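Novice: Please read through the structure below; I'll follow up with questions.
There are 2 protein chains.
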Amino acid sequence: MKKGLLVILSGPSGVGKGTVRQELMKDSSLHLWYSVSMTTRAMRPGEENGREYYFVTPEEFQKTLKEGGLLEHNHYVDHDYGTPKAKVEEMRQKGYNVLLEIDVNGAEQVMAALGKENVCSIFLLPPSFEELARRIKGRCTECDKVIAERLEQAKREIAKQSDYRYHVVNNDLDSCAKTIASIIRKEAAND
Amino acid sequence: MKKGLLVILSGPSGVGKGTVRQELMKDSSLHLWYSVSMTTRAMRPGEENGREYYFVTPEEFQKTLKEGGLLEHNHYVDHDYGTPKAKVEEMRQKGYNVLLEIDVNGAEQVMAALGKENVCSIFLLPPSFEELARRIKGRCTECDKVIAERLEQAKREIAKQSDYRYHVVNNDLDSCAKTIASIIRKEAAND
Numbered sequence: 002m003k004k005g006l007l008v009i010l011s012g013p014s015g016v017g018k019g020t021v022r023q024e025l026m027k028d029s030s031l032h033l034w035y036s037v038s039m040t041t042r043a044m045r046p047g048e049e050n051g052r053e054y055y056f057v058t059p060e061e062f063q064k065t066l067k068e069g070g071l072l073e074h075n076h077y078v079d080h081d082y083g084t085p086k087a088k089v090e091e092m093r094q095k096g097y098n099v100l101l102e103i104d105v106n107g108a109e110q111v112m113a114a115l116g117k118e119n120v121c122s123i124f125l126l127p128p129s130f131e132e133l134a135r136r137i138k139g140r141c142t143e144c145d146k147v148i149a150e151r152l153e154q155a156k157r158e159i160a161k162q163s164d165y166r167y168h169v170v171n172n173d174l175d176s177c178a179k180t181i182a183s184i185i186r187k188e189a190a191n192d
Numbered sequence: 002m003k004k005g006l007l008v009i010l011s012g013p014s015g016v017g018k019g020t021v022r023q024e025l026m027k028d029s030s031l032h033l034w035y036s037v038s039m040t041t042r043a044m045r046p047g048e049e050n051g052r053e054y055y056f057v058t059p060e061e062f063q064k065t066l067k068e069g070g071l072l073e074h075n076h077y078v079d080h081d082y083g084t085p086k087a088k089v090e091e092m093r094q095k096g097y098n099v100l101l102e103i104d105v106n107g108a109e110q111v112m113a114a115l116g117k118e119n120v121c122s123i124f125l126l127p128p129s130f131e132e133l134a135r136r137i138k139g140r141c142t143e144c145d146k147v148i149a150e151r152l153e154q155a156k157r158e159i160a161k162q163s164d165y166r167y168h169v170v171n172n173d174l175d176s177c178a179k180t181i182a183s184i185i186r187k188e189a190a191n192d
């Protein structure tokens, strides 16, 4: 049995590594095996152990790391992530082309460990910086948090509308301004 | 000379108070005078003292505040903002309808100070929460900061592309995946 390749799919965050990986995995003729990472973060609803990640305790993670059991590892937003080395080797021995979808940092570690020449390294590039900015904006979870807080604040502010004499919906600028203009005219005449 | 109205234009952040105010100011028949606020924040390029704001030092601001010279005041992102009382009264005496474009907090202060019944208070409402969320997202300066940082990180990541054997632009998912599939096939055959 011919040993499989080690394919690294990397590139900047937001370039679409995950989507491209999923697309590649559909092609069974490529004999790909996707290397599932190990993580200390909690499993989320809908996730399965061994599918999205191998979910382990921080102790298990550190044990694997100390034993040299990780091909690469990263710490990201309070949690550890790593690629289990033994499984990668096992699947390559079985003839699978093992696909690692990892960030630039992880890819650097793998290439340093195995030698650049022994890795089929693929760097994904965005069509443009503008497009990358658009994609990053679309998946900015911090932004979603800030916006959620603002919306909560807006709800608290809207709750105070009963203190006001007039309430105008800003649906269309022109008609909104006309409504307010007529309010001002009426009040000025009454006063 | 008949005394002018005090018009409060308020509503949740993101509802479009500034745009509506600008639209109202175009109508000279409303005899509006826009009350320019006082602030301790620095003047930005393109701004003029007395047009966007009266730019003052923190000491000047505190002095005005202590003398009871502000109709309402707020502290927002490290800076003070307030409505100078004397000017508002002067312009109303001259017959102008004075327009305050202020947030809910400031409006509350003005209504408490002058009495709700003496104020023409207008509360702007968004057409829907969805629309408000969209507007808040569009003007989220924190988000722009986060995205700018991510883009800087992406630039540093992209600078490492020379470490990789292949470079594929993720312009179109299908053609990108096809390109990578052919790379893997070629490498697997060569190995």
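Protein chains in written order, with this note's numbering: chain A, 2 to 192; chain B, 2 to 192. C-beta atoms are modelled at their ideal positions from N, C-alpha and C, and glycine is treated no differently. Keep in mind the model is a prediction, meaning the values are calculated, not measured.
Could you check where the beta strand (DSSP E) with T40(A) kicks off and where it finishes?
Specialist: As a first step, residue 40(A) is located in the first sequence; it is residue number 39 there, counting from the start. Start and end: S38 to T40.
Novice: Starting from P59(A), trace the alpha helix (DSSP H) in both directions and tell me its first and last residue.
Specialist: Indexing the first sequence from 1 puts residue 59(A) at position 58. From DSSP, the alpha helix (DSSP H) with P59(A) extends over P59 to K67.
Novice: Comparing C-alpha positions only, which one of E158(A), L7(A) and Y54(A) sits nearest to M112(A)?
Specialist: The count along the first sequence starts at 1 and reaches residue 112(A) at position 111. If we check each option's Cα against that of M112(A), L7(A) comes out closest.
Novice: Let me check understanding here. Comparing Cα to Cα, which of G96(B), A87(B), H74(B) and Y165(B) lies closest to I103(B)?
Specialist: Stepping through the second sequence from its first residue, residue 103(B) is reached at position 102. Here the closest residue by C-alpha is H74(B).
Novice: With a CB to CB cut of under 8 Å and the five nearest residues on each side skipped, what residues in its chain are close to K4(A)?
Specialist: Reading the first sequence from its first residue, position 3 is the one you call residue 4(A). Cβ neighbours of K4(A) beyond the five flanking positions: R93, Q94 and G96.
Novice: Taking 8 Å as the CB-CB cut-off, is F124(A) touching chain B?
Specialist: Against the first sequence, residue 124(A) aligns to sequence position 123. Interface residue, yes.
Novice: For a test of the three-state rule: what should DSSP assign to T121(B), helix, strand or coil?
Specialist: Residue 121(B) sits at position 120 when you count from the first residue of the second sequence. Looking at the sequence itself, residue 121(B) is Cys, so the reference to Thr does not match. Note: C121(B) maps to strand in three-state DSSP.
Novice: Establish whether the CB of H168(B) and some CB of chain A are separated by less than 8 Å.
Specialist: In the second sequence, the residue the question calls residue 168(B) occupies position 167. Closer than 8 Å: yes.
Novice: Check the DSSP bridge columns for N75(B) and list the partner residues they point to.
Specialist: Taking the second sequence and counting its residues from 1, one reaches residue 75(B) at position 74. DSSP, once it has assigned bridges, lists Y82(B) as partnering N75(B).
Novice: Taking all protein chains shown into account, decide if D81(B) is buried (16 or more other Cβ within 10 angstroms of its Cβ) or exposed.
Specialist: Working through the second sequence from its first residue, we reach residue 81(B) at position 80. Burial call: buried.
Novice: Would you call the stretch 45 to 57 of chain B in contact with the stretch 139 to 158 of chain B, where contact means no fewer than 3 C-beta pairs closer than 8 Å?
Specialist: Judged by Cβ distances under 8 Å, the stretch 45 to 57 of chain B makes no contact with the stretch 139 to 158 of chain B, as fewer than three pairs qualify.
Novice: Hey, quick one: how far does the beta strand (DSSP E) through N98(B) stretch, first residue to last?
Specialist: Counting from 1 along the second sequence, the entry for residue 98(B) is found at position 97. Counting along the chain, the beta strand (DSSP E) containing N98(B) begins and ends at N98 to E102.
Novice: Confirm, please, whether the CB-CB distance from L100(B) to S11(B) is below 8 Å.
Specialist: Translated into the one-based positions of the second sequence, residue 11(B) becomes position 10. Translated into the one-based positions of the second sequence, residue 100(B) becomes position 99. Their beta carbons are not under 8 Å apart, which means S11(B) does not touch L100(B) by this criterion.
Novice: Straight-line CA distance for T180(B) to T40(A)?
Specialist: As a first step, residue 180(B) is located in the second sequence; it is residue number 179 there, counting from the start. As a first step, residue 40(A) is located in the first sequence; it is residue number 39 there, counting from the start. Roughly 31 Å separates the two Cα atoms.
Novice: Do G17(B) and R136(B) count as a contact pair if the criterion is CB distance below 8 Å?
Specialist: The sequence position of residue 136(B) within the second sequence is 135, counting from 1. The sequence position of residue 17(B) within the second sequence is 16, counting from 1. Contact: yes.
Novice: In the DSSP output, what is L10(A) paired with across the bridge?
Specialist: Residue 10(A) sits at position 9 when you count from the first residue of the first sequence. Paired residue(s): E102(A) and I123(A).
Novice: Tell me which residues share the same chain as E53(B) and place their Cβ nearer than 6 Å to its Cβ, disregarding the 5 neighbours each side in the sequence.
Specialist: What you label residue 53(B) is simply residue 52 of the second sequence in a count that begins at 1. Excluding residues within five positions, none has a Cβ falling inside 6 Å.
Novice: Looking at the structure shown, is V169(A) part of a helix, part of a strand, or coil, going by DSSP?
Specialist: Taking the first residue of the first sequence as 1, we reach residue 169(A) at position 168. V169(A) falls in the strand class under three-state DSSP.
Novice: Assuming V147(A) and C141(B) are in contact, meaning their beta carbons sit under 8 Å apart, how far apart are those beta carbons, in whole angstroms?
Specialist: Position 146 of the first sequence holds residue 147(A). Position 140 of the second sequence holds residue 141(B). The pair is a contact, with the Cβ atoms about 6 Å apart (cut-off 8 Å).
Novice: Would you mind telling me which residues of chain B sit closer than 9 Å to L198(A), beta carbon to beta carbon, in chain order?
Specialist: This structure cannot speak to residue 198(A), because chain A is shown only from 2 to 192.
Novice: CA-CA distance, A189(B) and N98(A)?
Specialist: For the purposes of this step, residue 189(B) is identified with residue 188 of the second sequence, where counting begins at 1. For the purposes of this step, residue 98(A) is identified with residue 97 of the first sequence, where counting begins at 1. Distance between the alpha carbons of A189(B) and N98(A): 8 Å.
Novice: Using a Cβ-Cβ cut-off of 8 Å (strictly less than) and excluding sequence neighbours within five positions of K138(B), which residues of its own chain qualify?
Specialist: Your numbering for residue 138(B) matches position 137 in the second sequence. Around K138(B): C144.
Novice: Of the residues that make up the stretch 135 to 155 of chain A, which ones have a beta carbon closer than 8 Å to any beta carbon in chain B?
Specialist: Cβ contacts with chain B come from I137, K138, C141, E143, C144, V147, I148, R151, L152, Q154 and A155.
Novice: Is the CB of F56(B) under 8 Å away from at least one CB in chain A?
Specialist: Within the second sequence, the letter at position 55 stands for residue 56(B). With 8 Å as the cut-off, F56(B) does not count as an interface residue toward chain A.
Novice: Among all the DSSP beta bridges, which residues are the ones paired with F130(A)?
Specialist: Within the first sequence, numbered from 1, the residue matching residue 130(A) stands at position 129. BP columns for F130(A) are empty, so no partner.
Novice: Which residues in chain B have a C-beta closer than 8 Å to the C-beta of E68(A)? List them in chain order.
Specialist: Here residue 68(A) is taken as the residue at index 67 of the first sequence, counted from 1. Ordered by position in chain B, no residue passes the 8 Å Cβ test against E68(A), which lies about 27 Å from the chain.
Novice: Using DSSP's beta-bridge definition, name the partner residues of L33(B).
Specialist: As a working mapping, residue 33(B) is identified with position 32 in the second sequence. L33(B) pairs with N98(B).
Novice: Relative to the C-alpha of K161(A), which residue among Q23(B), L126(B), N191(B) and Y77(B) is closest?
Specialist: For the purposes of this step, residue 161(A) is taken as the residue at position 160 of the first sequence. With distances taken between Cα atoms, K161(A) lies closest to L126(B).
Novice: In the DSSP assignment, find the alpha helix (DSSP H) that holds M44(B) and state where it starts and stops.
Specialist: Walking along the second sequence from the start, residue 44(B) turns up at place 43. Looking at the DSSP string, M44(B) is not in any alpha helix (DSSP H), and its letter there is neither H nor E.
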